[in-house]
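Quick note, the sequences are listed as chains A and B, same order. Residue numbering for the first sequence follows the working numbering, beginning at 590 and increasing consecutively. Residue numbering for the second sequence follows the working numbering, beginning at 590 and increasing consecutively. All residues carry an ideal CB built from backbone N, CA and C; glycine is no exception. If you're wondering where the values come from, they're calculated on a predicted model, not measured in any experiment.
There are 2 protein chains.
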Amino acid sequence: MMQRRVSKAIRIGDVTVGGNAPIAVQSMTKTDTRDVASTVRQIKELEECGCEIIRSAVPDMEAAIALSGIKKQIKIPLVADIHFDYRLALQAIESGVDGLRLNPGNISEPDKVAAVVSAAKGSEIPIRIGVNAGSLPQDIDPKLTTAQKMVVAAMRHIKLLEDLDFDLIKVSLKAFDVPTTIEAYKDIAGKVPYPLHIGITESGPAKSGIIRSACGISPLLYMGIGDTIRVSLSANPVEEVVTAYEILKSLDLRHHGAVLVSCPTCGRTEVNLIEMVKEVEERLAKVDKPIKVAVMGCVVNGPGEAKDADIGIACGKGKGVLFRKGEKIGVVDEKDFVDVLMREVEGF
Amino acid sequence: MMQRRVSKAIRIGDVTVGGNAPIAVQSMTKTDTRDVASTVRQIKELEECGCEIIRSAVPDMEAAIALSGIKKQIKIPLVADIHFDYRLALQAIESGVDGLRLNPGNISEPDKVAAVVSAAKGSEIPIRIGVNAGSLPQDIDPKLTTAQKMVVAAMRHIKLLEDLDFDLIKVSLKAFDVPTTIEAYKDIAGKVPYPLHIGITESGPAKSGIIRSACGISPLLYMGIGDTIRVSLSANPVEEVVTAYEILKSLDLRHHGAVLVSCPTCGRTEVNLIEMVKEVEERLAKVDKPIKVAVMGCVVNGPGEAKDADIGIACGKGKGVLFRKGEKIGVVDEKDFVDVLMREVEGF
Numbered sequence: 590m591m592q593r594r595v596s597k598a599i600r601i602g603d604v605t606v607g608g609n610a611p612i613a614v615q616s617m618t619k620t621d622t623r624d625v626a627s628t629v630r631q632i633k634e635l636e637e638c639g640c641e642i643i644r645s646a647v648p649d650m651e652a653a654i655a656l657s658g659i660k661k662q663i664k665i666p667l668v669a670d671i672h673f674d675y676r677l678a679l680q681a682i683e684s685g686v687d688g689l690r691l692n693p694g695n696i697s698e699p700d701k702v703a704a705v706v707s708a709a710k711g712s713e714i715p716i717r718i719g720v721n722a723g724s725l726p727q728d729i730d731p732k733l734t735t736a737q738k739m740v741v742a743a744m745r746h747i748k749l750l751e752d753l754d755f756d757l758i759k760v761s762l763k764a765f766d767v768p769t770t771i772e773a774y775k776d777i778a779g780k781v782p783y784p785l786h787i788g789i790t791e792s793g794p795a796k797s798g799i800i801r802s803a804c805g806i807s808p809l810l811y812m813g814i815g816d817t818i819r820v821s822l823s824a825n826p827v828e829e830v831v832t833a834y835e836i837l838k839s840l841d842l843r844h845h846g847a848v849l850v851s852c853p854t855c856g857r858t859e860v861n862l863i864e865m866v867k868e869v870e871e872r873l874a875k876v877d878k879p880i881k882v883a884v885m886g887c888v889v890n891g892p893g894e895a896k897d898a899d900i901g902i903a904c905g906k907g908k909g910v911l912f913r914k915g916e917k918i919g920v921v922d923e924k925d926f927v928d929v930l931m932r933e934v935e936g937f
Numbered sequence: 590m591m592q593r594r595v596s597k598a599i600r601i602g603d604v605t606v607g608g609n610a611p612i613a614v615q616s617m618t619k620t621d622t623r624d625v626a627s628t629v630r631q632i633k634e635l636e637e638c639g640c641e642i643i644r645s646a647v648p649d650m651e652a653a654i655a656l657s658g659i660k661k662q663i664k665i666p667l668v669a670d671i672h673f674d675y676r677l678a679l680q681a682i683e684s685g686v687d688g689l690r691l692n693p694g695n696i697s698e699p700d701k702v703a704a705v706v707s708a709a710k711g712s713e714i715p716i717r718i719g720v721n722a723g724s725l726p727q728d729i730d731p732k733l734t735t736a737q738k739m740v741v742a743a744m745r746h747i748k749l750l751e752d753l754d755f756d757l758i759k760v761s762l763k764a765f766d767v768p769t770t771i772e773a774y775k776d777i778a779g780k781v782p783y784p785l786h787i788g789i790t791e792s793g794p795a796k797s798g799i800i801r802s803a804c805g806i807s808p809l810l811y812m813g814i815g816d817t818i819r820v821s822l823s824a825n826p827v828e829e830v831v832t833a834y835e836i837l838k839s840l841d842l843r844h845h846g847a848v849l850v851s852c853p854t855c856g857r858t859e860v861n862l863i864e865m866v867k868e869v870e871e872r873l874a875k876v877d878k879p880i881k882v883a884v885m886g887c888v889v890n891g892p893g894e895a896k897d898a899d900i901g902i903a904c905g906k907g908k909g910v911l912f913r914k915g916e917k918i919g920v921v922d923e924k925d926f927v928d929v930l931m932r933e934v935e936g937f
């Protein structure tokens, strides 16, 4: 079965990433970082739905300074996403961030890299090296596959940090292409002890991006690879967090609210199950406990299928059989299906 | 990299499943099978969006007879889903179906099984053995895991068919639990030469069901397992087909319409990219050719990220840079972003 890769645990604020820690869910703000109020509002919304680490882009010094005001108003650890300019990294650390995402190889002068690493070490702030298939160094052997090139690029950045005796490292290797991403992570997983941040980059708008992200992240998690995940969608970041938890729940790696089992319906179904499932889904979204609920469309297969659920209903024509932990506890009229089910869920 | 399991090819109507055939996309009707007009209407909608095999439940003799009327009006192969009653199987074959889903072990008398198998053999109709974690025989060793029990159940059904010298077999082993499903398929993949129909059963309503299905199906496909897929959702079956193709496209296993690469946006984005991506997505849904389109939110990373795309746009403040096959071909005003992009897509 699934066996998790052994990785070095690091701390990002009060969240442990790697080792035996739960696989952390993270997202990124989509507001202008300099707009502290909007950014804080978005982060609070994300905290509300279970986001555990948040990252913000730092395009300029004003944004790096703004991180300080943001940090004071939020509960979850804040990571600064920085490209090229080491001064932004120094200011972000000064502003109190809990982590950096920064590729040291993109900072041209060694003493500037050393200055950032020294500040990060002093504040015990980890650095994520984030390699992206779309922006690889030009001097890597062109005969290598994209996945291999990504690993080479990451190893260069890692070496720069290790040479400065810094090991609070996290690594990501993202591509849009799923097989490329999986190959890259599989390769680096055996080469370094650091925790891995996994995800598919620029995966697209909500629907296709959700599917592509799940298709890329799931095989890695199944192989035991991945210590924190970010789903990247062209959508509200709340969608990213919800999707991340659904992925983790699907692989039994995290519990987070309810799990809904429901049948696809077929020519045997004698009730408007799809509408009913929609209503149950909406009402379950507000249920904050780990509970497995089954809504099945026939009394023939329903009971057997629903027996693993905490609360289940198998719906026939006009009547449904209610189950609690696989035991039949009553018969319900069609008009009461959802209300009775939800009452059982609330009382569970 | 991904290497496909070698499986025996079978034919369901004019669709080959297994061997080197493309992984076929299938769905199931949710109408009352006896209502021929509604069922045909739904199948035509599914044909339209690329469904390659359709299955209908056969709860009674009227439904088995109705299959004949359905079959005459549709283009894709029709599979009859039958439980327990061998007479329904005989009538479905009589009605001209292209395949059966039937677990022979659930038909109690051997001569009835023999009658079905003889009719299927005479018409060269394959039989899918469909084991479901929720309805396993009670007499299987309780010390086995659910995945192992599913394999034992499937092997019993397979033996019944093989003993009658029948090998037009396809097998599925579905559970709601993703790791259980993966373990079961991995196990049987090494035990039998038959093509495998893969999927997650009762995976739930659209969003969570899509994620759970992708999480279960992707690792299997990545291991080379799976010759046809069905996504089971409590939703319009069109959603099942669309999701199946998105999964296959994510793993580069099928081409089907456009692929949209788009960035999640961040504090660096200076354009309302999410709305723009939505519009591009809607307009791309009508584009029938395999094309990769990238919509990126910044001129710094955009070009690099979009270079693998056929057509791409990297959007800065007020202006965007248009790319064709990684070459810059023009600069576009913000108000024209979508129209110009779509014109390029159409002309590609």
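Could you say which of the options lies nearest to residue i if we only look at CA atoms?
{"i": "Ala771(B)", "options": "Ala743(B), Leu810(B), Ile718(B) and Tyr783(B)", "result": "Reading off the sequence shown, one finds Ile at residue 771(B), where the question assumed Ala. Per the Cα distances, Leu810(B)."}
{"i": "Glu713(B)", "options": "Arg594(B), Ala803(B), Ile758(B) and Gly856(B)", "result": "Ile758(B)"}
{"i": "Lys660(B)", "options": "Ile642(B), Pro699(B), Pro648(B) and Pro731(B)", "result": "Ile642(B)"}
{"i": "Gly891(A)", "options": "Leu911(A), Ser616(A), Lys875(A) and Ala874(A)", "result": "Leu911(A)"}
{"i": "Gly815(A)", "options": "Thr832(A), Val860(A) and Gly788(A)", "result": "Gly788(A)"}
{"i": "Arg676(B)", "options": "Ile663(B), Glu698(B) and Pro666(B)", "result": "Glu698(B)"}
{"i": "Thr854(A)", "options": "Gly905(A), Pro726(A), Leu635(A) and Lys664(A)", "result": "Gly905(A)"}
{"i": "Ala669(B)", "options": "Glu916(B), Glu637(B) and Ser616(B)", "result": "Ser616(B)"}
{"i": "Val869(B)", "options": "Asp603(B), Ser851(B) and Ala795(B)", "result": "Ser851(B)"}
{"i": "Lys710(A)", "options": "Asp922(A), Glu916(A), Ile601(A) and Met865(A)", "result": "Ile601(A)"}
{"i": "Asp776(A)", "options": "Gly886(A), Gly798(A), Lys738(A) and Ile799(A)", "result": "Lys738(A)"}
Can a CB atom of chain B be found closer than 9 Å to the CB of residue i?
{"i": "Ile806(A)", "result": "yes"}
{"i": "Glu916(A)", "result": "no"}
{"i": "Arg594(A)", "result": "no"}
{"i": "Asp776(A)", "result": "no"}
{"i": "Gly779(A)", "result": "no"}
{"i": "Leu726(A)", "result": "In the sequence as presented, Leu is not what sits at residue 726(A); that position holds Pro. For Pro726(A), the answer is no, since every Cβ of chain B falls outside 9 Å of its Cβ."}
{"i": "Glu893(A)", "result": "Sequence check: residue 893(A) is Gly here, not Glu. Yes, Gly893(A) lies at the interface with chain B (some Cβ there is under 9 Å from its Cβ)."}
{"i": "Gly793(A)", "result": "yes"}
{"i": "Met931(A)", "result": "no"}
Near residue i, what residues of its chain come up, given a Cβ to Cβ distance below 8 Å and the 5 sequence neighbours on each side ignored?
{"i": "Pro693(A)", "result": "Val702, Val705, Val706, Ile716, Ile718, His746, Leu749 and Leu750"}
{"i": "Tyr834(A)", "result": "Val614, Gly639, Arg843, His845 and Gly846"}
{"i": "Ile612(A)", "result": "Leu810, Gly815, Asp816, Thr817, Ile818, Leu837, Leu842 and Arg843"}
{"i": "Lys780(B)", "result": "Val740 and Met744"}
{"i": "Ser802(A)", "result": "Gly788, Ile789, Ser792, Val820, Ser821, Leu822, Thr832 and Ile836"}
Would you say residue i reaches chain A, if we count a Cβ-Cβ gap shorter than 9 Å as a contact?
{"i": "Val866(B)", "result": "yes"}
{"i": "Ile863(B)", "result": "yes"}
{"i": "Glu923(B)", "result": "no"}
{"i": "Cys640(B)", "result": "no"}
{"i": "Ile799(B)", "result": "yes"}
{"i": "Thr858(B)", "result": "yes"}
{"i": "Ile612(B)", "result": "no"}
{"i": "Cys904(B)", "result": "no"}
{"i": "Pro693(B)", "result": "no"}
{"i": "Thr817(B)", "result": "no"}
Near residue i, what residues of its chain come up, given a Cβ to Cβ distance below 6 Å and the 5 sequence neighbours on each side ignored?
{"i": "Glu791(B)", "result": "Phe765"}
{"i": "Thr735(B)", "result": "Ala722 and Thr769"}
{"i": "Ile918(A)", "result": "Leu911"}
{"i": "Gly901(B)", "result": "Ala883, Ala895 and Phe912"}
{"i": "Met931(B)", "result": "Arg872"}
{"i": "Asn720(B)", "result": "Looking at the sequence shown, residue 720(B) is not Asn but Val. Met739, Ala742, Ala743 and Leu762, listed in sequence order."}
Relative to the ligand GTP, is the shortest distance from any of its heavy atoms to the C-beta of residue i smaller than 8 Å?
{"i": "Ile718(B)", "result": "Among the ligands in the structure shown, none appear at all, so the ligand GTP cannot be discussed."}
By Cβ distance below 7 Å, which residues in the same chain neighbour residue i in space, the five residues on each side in sequence not counted?
{"i": "Ala778(B)", "result": "Arg594, Leu785 and Ile814"}
{"i": "Tyr774(B)", "result": "Leu762, Leu785, Ile787, Leu809 and Ile814"}
{"i": "Tyr783(A)", "result": "Ser596, Lys597, Ile758, Lys759 and Val760"}
{"i": "Phe937(B)", "result": "Ile880, Asp899 and Ile900"}
Would you mind giving the Cβ-Cβ distance between residue i and residue j, rounded to the nearest angstrom? I have them listed as a contact below 8 Å.
{"i": "Ala883(B)", "j": "Glu871(B)", "result": "At roughly 17 Å, the Cβ-Cβ gap does not stay under 8 Å, so Ala883(B) and Glu871(B) are not in contact."}
{"i": "Ile632(B)", "j": "Ile663(B)", "result": "5 Å"}
{"i": "Val830(A)", "j": "Leu635(A)", "result": "6 Å"}
What residues match up with residue i in a beta bridge as DSSP calls it?
{"i": "Phe912(A)", "result": "Gly901(A) and Lys917(A)"}
{"i": "Ile787(A)", "result": "Ile818(A)"}
{"i": "Lys759(B)", "result": "Arg717(B)"}
{"i": "Asp922(B)", "result": "Lys908(B)"}
{"i": "Val668(A)", "result": "Arg644(A) and Gly688(A)"}
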